[in-house]
Every structure is written in C-alpha cells, then in structure tokens.
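Q: Have a look at the structure that comes next, please.
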Ligand SMILES: Cc1ncc(C[n+]2csc(CCOP(=O)(O)OP(=O)(O)O)c2C)c(N)n1
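Residue numbers (my numbering), protein chains in the order written: chain A, 17 to 219; chain B, 561 to 1173.
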C-alpha cells in the first residue's frame, strides 16, 4: 500500500483509570508538533467506573476525515491491559503492531462470576492469526523501577515511540508539557525504559 | 492560533467568542464538558441548573434580558426541556438563544437512542449539525447570529463522536458582549402565551420557517463538493467525515443546516448526479426530506438505522450496494480465542451505594431504580435493582405499582442529583396521594456518574462559589413525608435498622443514606486498604457484594474446598462493608490497619476482632 509512513491509525485500550486518556492526548500533541493533521476520539461517562475503554487517534500528513478507526483498520493497538488487548485485537489490520502492557486486571465477571480470564498462551496466537506483530512491555515493572508504578502509561508510550518514524525529541517535548514539573525526571526515565524495552528485543 | 479541542471545548469557545454571557445546563454525557469548559472563561455567568427544563428556562430568561444565552444538555435532556423549547419557539427572545443537544448514537452512556434533529421540525426551529470541532465553534457563533436575525431559538445538534472527538481549531477573540436590558420586555402579544396570543404567534412561526427556507438556500453552512457525477451523497454531521473517507471520488452535498433543508440546492445536486444517496446516522431525517421533494434517493436501504456509523460499517454497506468505495471491505477476521470475559462498568471499590444494595439484595425486595452510578446495582452478583427508565421515574413508578395493589412493597432508589432533578415532584405526589413506598435517597453529595458535578446538595456552584446546601431532611419533611431516617451509607447495621423501622410504618417513608462519593478528593485522602485475615474459610459471603477489590485467591480452604478471599490493596479504599458482613471476622477494620502501620507490619501477627476463635 502506498500510504505515507505518518498516516497512522491508533487504537488505545485499557481499563478506566489506567491513563489511556493522557496517552491519547500526547499522541495528538505529537501529531501537531510533527505538523500532521490529527483527530482523536474517546468515549466518556459509562465507560469509566472500571469498564473497558477505547480511544482512537488518527494521524495523516494531509487530512484526517473520520475521527474513529474502523475494525481491521488500525496500524497500532496500544493496550494497557492484556484482556483488553484481546478484546480489541480485531481492530488491527494485517501487518499492524500491538504494543501490549504485561498487565492483567481481573474483571468482576471473573472475580465474582463464572467467567475465566484468558491465559497468556492466547496472546501470541491471537495476534499471529491476524498477521500482526505483538510487543509485550512490562509497563508496571519498568515504571516501578523508574520510581512510580503510575508511570506505566508513559513506559508504554516510550515503547510505542520506537515503532514510529519520529525523532525522540518530538515525543519528549510533548510529554514535558503534559506532566507536572516535579514528575519530569520520573517520566523521562519511564519513557526511556519503554524505548529500551523495545530496542532490546531480538528482531 | 490552532489548538486541538474536543467538540465540547469548541462549542464552549464558540459561545464565548459569540459574546454569550449566560449558559445553563444539567450534566449528561456527552454534553457535560461544554459548561465545564465555559465556566473557565472570564466574564460569564454559568450554572448547573437542577434539571434541563430549568436550564432552558434560565437561558430563555437571560435572552429576554437581552443577553446571548445558551442551554446545553444530552439528547434525553431535551425531552425534559421540550415544553420550554416549544413555547420559546413561539415567543422568540431579545438576545440570541441556542440550545445544544448532544445525541448519543450507540448509547455509550444513555438509556435510549434518539435523533434530536426531529425536534427541529417539530418545534419549528432551525437546526445546525457540525461535523468537527472547527465547525462546532463556527456553527455555534453562526447559531447565535441566526437566532437574532430570525428571532428564534436555534438547535445546535451534535453526536457523541463530535462532542468527544478532538480536532484542530483556529481560535478567535471574544465578540461583543451586549449588556443586559434595563427592563424586562413588556409585550404581551409576543411573550404571554395564552391561547389568544399563541394563535397570533403560530402564523409568525410558520412564516419564519418560510423565510428560513429562503435563507438556507444560500447559507455558506451548506456546500456542494463536485467530484465524479456517478454518485452523489447528501450527508451531514460526523457522517460527512465517513463519506469523505470511504467514498473519496463521490460528489458530496454537505449540509450544515439540517432543518429547514435547502430544497433548490438539493434539486440542483440531485440533477447533477446519476445516483443520489443519503448518508446519515440514526433516523432518515434528510432522506425523508429529500423524498418529500419528490426526488428518488437511497439511504436507509443501504446504511443502518440503528447505532453508530464508522468507516468500516459505511464501507461494508457501501460496497454491498455497489457504491465506489476507497478499498474493499475486510471481513472480520476469526481469532483463535475463548469467549472473553466482559468488563462492564461496576460500582467502584468503596462505592457508598454498596451498603444499601447489599441489604436490598439480602432482603430480596423489589427495587424501582433510577439513573446514576447506583443503576449498576442491577448487575450480578447484587442484582438488586429491577427497574430503571429515565431520570426521576423511580419514585412514581413505585408509587403506581403500590396504588395498583401490587402484592409486595416496592422500594424506590435514587441519587441526590436525580432527586433534585425530577425526584421532587414525584415525592410530593407520594406524600399527597399516600403511596405506601419506601424511598432511599443515596446521597453521595455529588453528581458522580457524569464526573462529579456540583448539585444543590454540594455547597458550591459551577463557578466555584460557596452556596448554601439545600438539605434533604427538611426538604423531604416539608414535602409531607413523616417518616424520615438518615443513616451513614457505610454503616451496615444502621442501614438495616432504619430499613426495618421504615418498612414497619406502612406509610410513605424516606431513608437518606449519606456518604460522600469515594472518588471525591476529600474521600481519597482517607483511603486505607484492608486485608483478609487467616481465619477466612472461603465461605464466599464477601464475593456477593460485587466489590472489584475482593478477589478469589489461589489458596483453597482445605475444609470448604473453596477459594479464600484476597483484597487487592491497590483497589481497596477501606469502606469496611466487607468487614461488617464477613461472618468470620476475617477482614480487618481501618483501625486495625492503622495499628498495623504503626507497629512493624511484618512482625505483627494480626488477630481478628474479638481475639482468636
Ligand atoms: C434527562 C437526563 N439528564 C441527564 C442524564 C445523565 N445522567 C445520568 S445519571 C446522572 C446523575 C446521577 O447523579 P446522582 O443521582 O447524584 O447519582 P450518582 O451518579 O451520584 O450515584 C446524570 C446527570 C440522563 N440520563 N437523563
């Protein structure tokens, strides 16, 4: 396909409260900083309260029309939780990439009901069946090492930044504007750890 | 300067640039952020009104005072405000008046799907339908100009994907802000809608629609984009974006004004294309209009009537109908996966509604519910709410069932914000007509569901001014309820005692269960995660209250052969509901946790309350 490298459709998923909104805001900022057209869409309200959340971000060098990504049209799935990665896997196009946080949050249907949380063994085959690549990132662990487990979303952004052809500086400038001054160093380290986690992978 | 704004932020910005002084709203997804954002601008008055009808009346009053005024609400809010919309169409106003309706196709956060473009033709007011944030801002300004030019309220209609999508917007300056009039207008023929005067106004309204029909023919809010003439698509709102995306070669008539429709423009467009197609979300509003012009077209025969559109849906439907799509649709892939567990929204850990619902579940009583976080009490394992229609319906539905002679007493349950919204008149009715129901007001001192907006029980206004709390107890008594009890919503025993007492009265009764929402900043500061003690035997009672912080551990009780409970300390807030209901005293109290903190955690073997058993 002849789509330019910076026409990118992102789908971000996770559980309410995991920081998907901050991550999608930064993705939108990065696009503006890189002089791309951008649209971002998310659903508020009922989707919070521990429910599963999804947001869409679309970049294009000229014009983005639809604010949402259709099923089978995402280039990148950024999942903050493994079950949610599987739930929205079908949004990826063949050849797309899933960046998945190695984190399970057990839903109430499992903890108080009869449902079963799918084991890690499903992850690789599911994404393989879609003809996509999956990168698993230990977001919470790396964030903890950087100083605070809450920076897991920034670790994930760091990992994501490695698979996109933009200079690291652009990401960093946008991050700086979104995080409080006193957490700058923490976030810098979290971002770097995320980048490194992808770099170190055997290709 | 360009900034990325959500549709809601852009509408607020547009109102500000348009010189709006007064804005009133009741929160409701996807409209809520419009007023939250507007309240951040200097030189404005804005408020959370107690409900949408009140909000629209407030805006009408401000417009009668000569100011530009806006009311904003979700689609179903317009149902509540509809009475006011219809009179306002007849009266018009002195200053510009815009009603923002945020529709919710796919019901991401709503009890029903409805297409509020219908209200425009119904109430005879023009309707603008923006398709991105830039248009949200521009159309908002245009709506105020239109309102004043034609002396009519204007409906600015959006959908979730417009309200909650963010796109770049060119910012402008604040326009002229007209001062308020010195005097209230005194013009009975125009402003006093008794039958004789209203009969005079109806022809004015219809004549106004005719003038709008002329105006709309040349309005820059509509435009034709000529491309290939084989297929021509008439579209509006977010559907325009899907049309551009999926049918890049087709000619497009993009409507910014969806009522009244530009008849001549549509005819010209239809004449210029071989195949005429209407692409719109929800109802066939434009399609019906086009057909009324006698023009054959396709629309809902191709695209779905129900739910939200997206590029994939439009591509699939378009390809099936032989329309020129950008690329073939991909079939939904099959993925080797077991059935995935759902992740529905749930009552949060520490939710102040859980204490009441665990009792209602235990009593197996019939519960007529309402809309708010507490609606989630219907979910298993609690399953303790059996009816939920629209805001405020809980009380009168229980009342009606009681008056019909139902064989069991029904408990009505609603939140504080919902009580102020539409619960009040229903409770007056209960007192007056003596319905034998128990009402439980779940008073968490905020409008939690929509993101913690202030309400009359909160003590602050939208613009962060302190105000007097409208206390529930004297209010409920003044409405004529004799049996009123207030309990702490975390106090399981108290709730049960009050419940017994009030149920025994066999007269209208109200329980107020009070505890500030656990997500409020003051509450967060008091979180203390609890722990499960060694004497847990896996009886499972704590699993039945549906707390996300209580997990099944991998450890199995050797006698019971059931998993022991485990508390996720990252989620637990220490509400102690589970502590109180545990039959084996196997969950710590907050005090015990504090003691633990003080002593060395690891060396302290914790004893259940009352000592080892
Ligand atoms: C007519 C109408 N307006 C607004 C809404 C959106 N809405 C749903 S629940 C809710 C507020 C509920 O607040 P409250 O009753 O205090 O309960 P809580 O969520 O705090 O438990 C609102 C505003 C709606 N569904 N219908």
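Just so you know, even glycine gets a beta-carbon here, dropped at the ideal spot from N, CA and C.
Note that the structure is a prediction, hence the values are computed from the model and not measured.
For residue 586 of chain B, is the beta carbon positioned less than 7 Å from some heavy atom of ligand 1?
A: Yes, Cβ of residue 586 of chain B sits closer than 7 Å to a heavy atom of ligand 1.
Q: In chain order, what residues of the same chain lie with their CB nearer than 6 Å to the CB of residue 988 of chain B, ignoring the 5 residues before and after it?
A: Result list for residue 988 of chain B: 1039, in chain order.
Q: Taking only runs that begin and end inside the segment 725-788 of chain B, name each unbroken beta strand (DSSP E) of 3 or more residues, in chain order.
A: Qualifying beta strand (DSSP E) stretches, in chain order: 725-730, 783-785.
Q: Ignore the nearest five residues each way along the sequence and tell me which others in residue 208 of chain A's own chain have a CB closer than 7 Å to its CB.
A: Here the set comprises 174.
Q: So residue 720 of chain B contacts chain A; which residues on that side make the cut at Cβ distance below 7 Å?
A: Per Cβ cutoff of 7 Å: 59.
Q: Within a Cβ cutoff of 7 Å, which residues of the same chain sit near residue 67 of chain A, ignoring the five residues on either side of it in sequence?
A: Contacts found: 32.
Q: Terminal residues of the continuous beta strand (DSSP E) containing residue 117 of chain A?
A: First-last of the beta strand (DSSP E) with residue 117 of chain A: 108-117.
Q: So for residue 687 of chain B, helix, strand or coil by DSSP?
A: Residue state, collapsed to three classes: strand.
Q: Consider the Cβ of residue 843 of chain B: report whether some Cβ of chain A lies at a distance smaller than 8 Å.
A: So no, residue 843 of chain B is outside the interface.
Q: Give a yes or no on whether the minimum CB-CB distance between residue 103 of chain A and chain B is below 8 Å.
A: So yes, residue 103 of chain A belongs to the interface.
Q: Beta-carbon within less than 6 Å of residue 18 of chain A's beta-carbon, same chain only, minus the 5 sequence neighbours each way: which residues are those?
A: Residue placement at residue 18 of chain A is flagged as unreliable, the pLDDT there being 42, under the threshold of 50; the coordinate-derived value follows with that caveat. Cβ neighbours of residue 18 of chain A beyond the five flanking positions: none.
Q: Only counting the same chain, and skipping five residues up and downstream in sequence, which positions put a Cβ closer than 6 Å to that of residue 822 of chain B?
A: Closer than 6 Å at the Cβ level, and outside the excluded window around residue 822 of chain B, lie 776, 777, 782.
Q: Less than 8 Å between the C-beta atoms of residue 912 of chain B and residue 687 of chain B, yes or no?
A: Contact: no.
Q: Do you know how far the Cα of residue 817 of chain B is from the Cα of residue 780 of chain B?
A: When rounded, the distance between both Cα atoms is 10 Å.
Q: Hey, is the segment 584-599 of chain B in contact with the segment 751-762 of chain B, meaning 3+ C-beta pairs nearer than 8 Å?
A: Contact between the segment 584-599 of chain B and the segment 751-762 of chain B is absent, because fewer than three Cβ pairs lie under 8 Å.
Q: Which chain A residues sit within Cβ distance under 7 Å of residue 1103 of chain B?
A: By Cβ distance, chain A contributes 128.
Q: Does residue 89 of chain A have its Cβ less than 8 Å from a Cβ in chain B?
A: Yes - at least one Cβ of chain B is within 8 Å of the one on residue 89 of chain A.
Q: Tell me the rounded alpha-carbon separation between residue 635 of chain B and residue 1123 of chain B.
A: Residue 635 of chain B and residue 1123 of chain B: Cα-Cα distance of roughly 46 Å.
Q: Is it a yes or a no for the segment 786-793 of chain B touching the segment 695-710 of chain B, going by three-plus beta-carbon pairs under 8 Å?
A: Touching, no, given that fewer than three Cβ pairs across the two stretches are closer than 8 Å.
Q: Tell me the DSSP bridge mates of residue 1112 of chain B?
A: Answer by DSSP bridge pairing, in chain order: B:1125.
Q: Let me check you understand the geometry: is the CB of residue 193 of chain A closer than 7 Å to at least one non-hydrogen atom of ligand 1?
A: No, the beta carbon of residue 193 of chain A sits no closer than 7 Å to any heavy atom of ligand 1.
Q: Taking the runs of the alpha helix (DSSP H) that are 4 residues or longer, which of them lie wholly in the segment 853-913 of chain B?
A: The qualifying runs are 871-880.
Q: Give the C-beta separation of residue 131 of chain A and residue 901 of chain B to the nearest angstrom, bearing in mind that I take them to be a contact with Cβ-Cβ under 8 Å.
A: Yes, residue 131 of chain A and residue 901 of chain B are in contact; Cβ-Cβ is about 4 Å, under 8 Å.
Q: Please name the residue or residues paired with residue 76 of chain A in a DSSP beta bridge.
A: Answer is A:53, bridged to residue 76 of chain A.
Q: So, helix, strand or coil for residue 71 of chain A, using DSSP?
A: Note: residue 71 of chain A maps to strand in three-state DSSP.
Q: How long is the line joining the alpha carbons of residue 22 of chain A and residue 584 of chain B, rounded to whole angstroms?
A: If I take the Cα positions, the gap works out to 42 Å.
Q: Between residue 906 of chain B and chain A, is the shortest Cβ-Cβ distance under 8 Å, so that the two count as touching?
A: Yes, contact with chain A.
Q: Give a yes or no on whether the C-beta atoms belonging to residue 909 of chain B and residue 936 of chain B are separated by under 8 Å.
A: No, the Cβ-Cβ distance between residue 909 of chain B and residue 936 of chain B is not below 8 Å.
Q: Check the Cβ-Cβ distances between residue 1129 of chain B and every residue of chain A, and say whether any is below 8 Å.
A: No, its Cβ sits nowhere closer than 8 Å to a Cβ of chain A.
Q: In the structure shown, what three-state DSSP assignment does residue 964 of chain B receive?
A: Reduced to three states, the DSSP call for residue 964 of chain B is coil.
Q: Sort B:979, B:652, B:1158, B:897 by Cα distance to residue 747 of chain B and report the nearest one.
A: Residue B:652 is the option with its Cα nearest to residue 747 of chain B.
Q: Can you determine whether any heavy atom of ligand 1 sits closer than 7 Å to the C-beta of residue 948 of chain B, and answer yes or no?
A: No, since every heavy atom of ligand 1 falls outside the 7 Å radius drawn around the Cβ of residue 948 of chain B.
Q: Any beta carbon of chain A sitting closer than 8 Å to that of residue 1112 of chain B?
A: Yes, residue 1112 of chain B lies at the interface with chain A (some Cβ there is under 8 Å from its Cβ).
Q: What residues from the segment 772-804 of chain B come within 9 Å of chain A, judged by C-beta to C-beta, listed N to C?
A: Taking 9 Å as the Cβ-Cβ cut-off against chain A, the residues of the segment 772-804 of chain B that qualify are 798, 800, 801, 802, 803, 804.
Q: Applying the criterion that 16 or more other CB atoms from any shown protein chain within 10 Å of the CB defines a buried residue, is residue 850 of chain B buried or exposed?
A: Its Cβ being crowded by 16 or more others within 10 Å, residue 850 of chain B is buried.
Q: Is the segment 761-772 of chain B in contact with the segment 856-865 of chain B, if contact means three or more CB pairs nearer than 8 Å?
A: Output reads no: the segment 856-865 of chain B does not touch the segment 761-772 of chain B.
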